[in-house]
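S.K.: What follows is a single structure, and I will ask about it in a moment.
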Ligand SMILES: Cc1ncc(COP(=O)(O)O)c(C=O)c1O
């Protein structure tokens, strides 16, 4: 039975939104055939004790080992992890990182708030050195969503304003502030609101399916035009109301949406003219994912506040950071975020060591060169498969947009799911974004040979399922 047959035998329940995101018929069939007894048992126990939520629990599989770019399930099936929640830049379980964490736990396992400690100070200084421009004043949190909240609070205090402008389809985390500035329906809809007031949105800068009716394609790119329109909308909104605290955005949306040339310079100017801050969320893109240390380095635009997280903890510990221009150190009389692990020496040591590994193993360069090769290979795949409407990428953020027709650009969500489960069957894990985009976030340590293997698995799966 092919995956297509499986789907026809078990139609989707359109009323069941949980079924849509967590328990589709393709997933059930894959799970039945491709997970062993121990994995099934681990998933069932997990589902019994965790709160269920979309695209999370109940889980797809269960892991017992994560090493380098590989995951291994409870029954020994192995997957190249081209997702990794973007935490595994240096590969899972890097021996140097594990040794540094162990040493730090022996020396100083914790620092209560109001006590400085060497690893936290050294990390803040290091971030000041690698961050773009003069960004250097830092606050740490345990997660990206909290670091976004910190950025929003700094922007409010610094400007005396509360409104924000951000992008539909963006993601900034799951807290109320982050969900409010985010633009993904899943995190905003239903009974979760009301969200924060004054959080206004503009359409994303992605040209491929832009809402302006501009017919962009690889043969006739119109991305500059789309970028100019969106930048114009931002300038218009900022000037019309005149009281925005900040524009907050992912400089390179992880779907991926690549910013059109000159787009961020226009937005930077519009912010400066309107007295609004520019906040870049580099939580998944920071530390080299796009082939430069920060995604905004491609555009030579320096934000007022940069937020990072995910890979900062080396794929072992949770740590995120909000990094501001020195003039934004204006909250001395307020509580920005008295986070319990604000200066945790172990998480800070992990982050410092992770940055050292990225620099010394030339991982940013690897993402740039292997990523450029992979993008060429994706273009070649697009020439051979009509089901591919668009391919996009920068460094190790790569997307293959599947369509039912290149003319209508209708997302081929069903095909994307079949391709996804076939790839899993053949040992490759990634994620589907926006319903139809096969989204690849390989670890920065991924070699050209492993990239070649992964792309061949995808190529074969599309040939088989389309
Ligand atoms: C762009 C972006 N911002 C913010 C977040 C939230 O980070 P965290 O899950 O650590 O709260 C994420 C997580 O996926 C993200 O991709």
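Numbering (our numbering), first residue to last: 1208 to 1673.
Note that beta-carbon positions come from the ideal geometry of N, C-alpha and C, so glycine has one too.
So which of 1269, 1242, 1239, 1415 has the shortest CA-CA distance to residue 1616?
M.R.: One-based indexing of the chain shown puts residue 1616 at position 409. Checked all of 1269, 1242, 1239, 1415; the closest Cα to residue 1616 is 1415.
S.K.: Any chance you could list the beta strand (DSSP E) runs of at least 3 consecutive residues sitting entirely within the stretch 1433-1470, in chain order?
M.R.: Runs of the beta strand (DSSP E) inside the stretch 1433-1470: 1451-1456.
S.K.: What number of angstroms, rounded off, separates the C-alpha of residue 1658 from the C-alpha of residue 1581?
M.R.: Here residue 1658 is taken as the residue at index 451 of the chain shown, counted from 1. Here residue 1581 is taken as the residue at index 374 of the chain shown, counted from 1. Looking at the two C-alpha atoms, the distance is approximately 7 Å.
S.K.: Applying the criterion that 16 or more other CB atoms from any shown protein chain within 10 Å of the CB defines a buried residue, is residue 1287 buried or exposed?
M.R.: Looking up residue 1287 in the chain shown gives position 80. Residue 1287 comes out buried.
S.K.: What residue ranges within the stretch 1253-1287 form continuous alpha helix (DSSP H) runs of no fewer than 4 residues, ordered along the chain?
M.R.: Entirely contained in the stretch 1253-1287, not one alpha helix (DSSP H) run reaches 4 residues.
S.K.: Would you call the CB atoms of residue 1441 and residue 1477 closer than 7 Å?
M.R.: Sequence index remark: in the chain shown, residue 1441 carries index 234 (1-based). Sequence index remark: in the chain shown, residue 1477 carries index 270 (1-based). Closer than 7 Å, so yes.
S.K.: Could you spell out the range, first to last residue, of the alpha helix (DSSP H) harbouring residue 1658?
M.R.: Here residue 1658 corresponds to residue number 451 of the chain shown, with the count starting at 1. 1655-1672 is the span of the alpha helix (DSSP H), which, as asked, contains residue 1658.
S.K.: With H, G and I counted as helix, E and B as strand and the rest as coil, what does DSSP make of residue 1230?
M.R.: Here residue 1230 is taken as the residue at index 23 of the chain shown, counted from 1. In the structure shown, residue 1230 sits in coil (DSSP, three-state: anything other than H, G, I, E or B).
S.K.: Just to confirm before moving on: does the CB-CB distance between residue 1378 and residue 1413 stay below 7 Å?
M.R.: Within the chain shown, residue 1378 is the residue found at index 171, counting from 1. Within the chain shown, residue 1413 is the residue found at index 206, counting from 1. Their beta carbons are not under 7 Å apart, which means residue 1378 does not touch residue 1413 by this criterion.
S.K.: Can you tell me the Cα-Cα spacing of residue 1349 and residue 1559, whole angstroms?
M.R.: Along the chain shown, one-based indexing puts residue 1349 at 142. Along the chain shown, one-based indexing puts residue 1559 at 352. Looking at the two C-alpha atoms, the distance is approximately 15 Å.
S.K.: Alpha carbon to alpha carbon, how far is residue 1488 from residue 1501?
M.R.: In the chain shown, the residue the question calls residue 1488 occupies position 281. In the chain shown, the residue the question calls residue 1501 occupies position 294. Whole-angstrom Cα-Cα distance: 10 Å.
S.K.: Count the other C-beta atoms from every protein chain shown that fall within 10 angstroms of the C-beta of residue 1662, then say buried if there are 16 or more, exposed otherwise.
M.R.: Mapped onto the chain shown, residue 1662 falls at position 455. Buried, because 16 or more other Cβ atoms sit within 10 Å of the Cβ of residue 1662.
S.K.: Could you check the C-alpha separation between residue 1234 and residue 1258 for me, to the nearest Å?
M.R.: The residue labelled residue 1234 in the question sits at position 27 within the chain shown. The residue labelled residue 1258 in the question sits at position 51 within the chain shown. Roughly 20 Å between the two C-alpha positions.
S.K.: Please tell me whether, using a cut-off of 6 Å, the distance from the CB of residue 1490 to the nearest non-hydrogen atom of ligand 1 is below it.
M.R.: Against the chain shown, residue 1490 aligns to sequence position 283. For ligand 1, at least one heavy atom lies less than 6 Å from the Cβ of residue 1490.
S.K.: How big is the Cα-Cα spacing for residue 1626 and residue 1669?
M.R.: The residue labelled residue 1626 in the question sits at position 419 within the chain shown. The residue labelled residue 1669 in the question sits at position 462 within the chain shown. Cα to Cα, the separation comes out at about 6 Å.
S.K.: So, are the CB atoms of residue 1490 and residue 1517 less than 7 Å apart?
M.R.: The residue labelled residue 1490 in the question sits at position 283 within the chain shown. The residue labelled residue 1517 in the question sits at position 310 within the chain shown. It is a contact, given that the beta carbons lie within the stated cut-off.
S.K.: For residue 1549, is the classification buried or exposed, using 16 other Cβ atoms within 10 angstroms of its Cβ as the cut-off for buried?
M.R.: Translated into positions along the chain shown, residue 1549 becomes position 342. Looking at its Cβ environment, which holds 16 or more other Cβ atoms inside 10 Å, residue 1549 is buried.
S.K.: Just to confirm, does residue 1380 get its C-beta within under 6 Å of one of the non-hydrogen atoms of ligand 1?
M.R.: Residue numbering aside, residue 1380 sits at position 173 when the chain shown is read from its first letter. Yes.
S.K.: How would you label residue 1404, buried or exposed, when you count the other beta carbons within 10 angstroms and need 16 or more for buried?
M.R.: Working through the chain shown from its first residue, we reach residue 1404 at position 197. So residue 1404 counts as exposed.
S.K.: Tell me which same chain residues have a C-beta within less than 6 Å of the C-beta of residue 1633, skipping the five on either side of it?
M.R.: Counting from one through the chain shown, the residue named residue 1633 turns up at place 426. Answer for residue 1633: 1664, listed in chain order.
S.K.: Tell me which residue opens and which closes the alpha helix (DSSP H) that residue 1386 is part of.
M.R.: Along the chain shown, one-based indexing puts residue 1386 at 179. Residues 1383-1388.
S.K.: Is the stretch 1535-1544 touching the stretch 1452-1468, taking contact as three or more C-beta pairs under 8 Å?
M.R.: No, they do not touch.
S.K.: Any heavy atom of ligand 1 closer than 6 Å to the Cβ of residue 1390?
M.R.: To locate residue 1390, count along the chain shown from 1; it is residue 183. Residue 1390 Cβ: outside cutoff for every heavy atom of ligand 1.
S.K.: Could you compute how far the alpha carbon of residue 1230 sits from the alpha carbon of residue 1540?
M.R.: For the purposes of this step, residue 1230 is taken as the residue at position 23 of the chain shown. For the purposes of this step, residue 1540 is taken as the residue at position 333 of the chain shown. So the two alpha carbons sit approximately 49 Å from each other.
S.K.: Between which residues of its own chain and residue 1341 is the CB-CB distance below 7 Å, once the five residues before and five after are set aside?
M.R.: Counting from one through the chain shown, the residue named residue 1341 turns up at place 134. These residues qualify, in order along the chain: 1532, 1533.
S.K.: Near residue 1227, what residues of its chain come up, given a Cβ to Cβ distance below 6 Å and the 5 sequence neighbours on each side ignored?
M.R.: The count along the chain shown starts at 1 and reaches residue 1227 at position 20. The pLDDT assigned to residue 1227 is 40, lower than 50, so where the model puts this residue is not dependable; a value taken from the coordinates is nonetheless given after this. Same-chain partners within the cutoff: there are none.
S.K.: Does the distance between the C-beta of residue 1544 and the nearest non-hydrogen atom of ligand 1 fall short of 6 Å?
M.R.: Translated into positions along the chain shown, residue 1544 becomes position 337. No; taking the cut-off as 6 Å, the Cβ of residue 1544 has no heavy atom of ligand 1 nearer than that.
S.K.: Grouping DSSP H, G and I as helix and E and B as strand, with all else coil, what is residue 1503?
M.R.: For the purposes of this step, residue 1503 is identified with residue 296 of the chain shown, where counting begins at 1. Three-state result, residue 1503: helix.
S.K.: What is the residue span of the alpha helix (DSSP H) that residue 1627 lies within?
M.R.: Counting from 1 along the chain shown, the entry for residue 1627 is found at position 420. From DSSP, the alpha helix (DSSP H) with residue 1627 extends over 1620-1632.
S.K.: Nearer than 6 Å: is that true of the beta carbon of residue 1352 relative to any heavy atom of ligand 1?
M.R.: Residue numbering aside, residue 1352 sits at position 145 when the chain shown is read from its first letter. It does: the Cβ of residue 1352 is within 6 Å (strictly closer) of some heavy atom of ligand 1.
S.K.: From this set, 1290, 1243, 1376, 1297, which residue's C-alpha is nearest residue 1271's C-alpha?
M.R.: Start at 1 with the first residue of the chain shown, and residue 1271 comes out as number 64. The shortest Cα separation from residue 1271 among 1290, 1243, 1376, 1297 belongs to 1243.
S.K.: Helix, strand or coil for residue 1496, going by three-state DSSP, please let me know.
M.R.: Mapped onto the chain shown, residue 1496 falls at position 289. It is coil, neither helix nor strand.
S.K.: Is residue 1567 buried or exposed, if buried means 16 or more other CB atoms sit within 10 Å of its CB?
M.R.: As a first step, residue 1567 must be located in the chain shown, where it is residue number 360. Flag for residue 1567 reads exposed.
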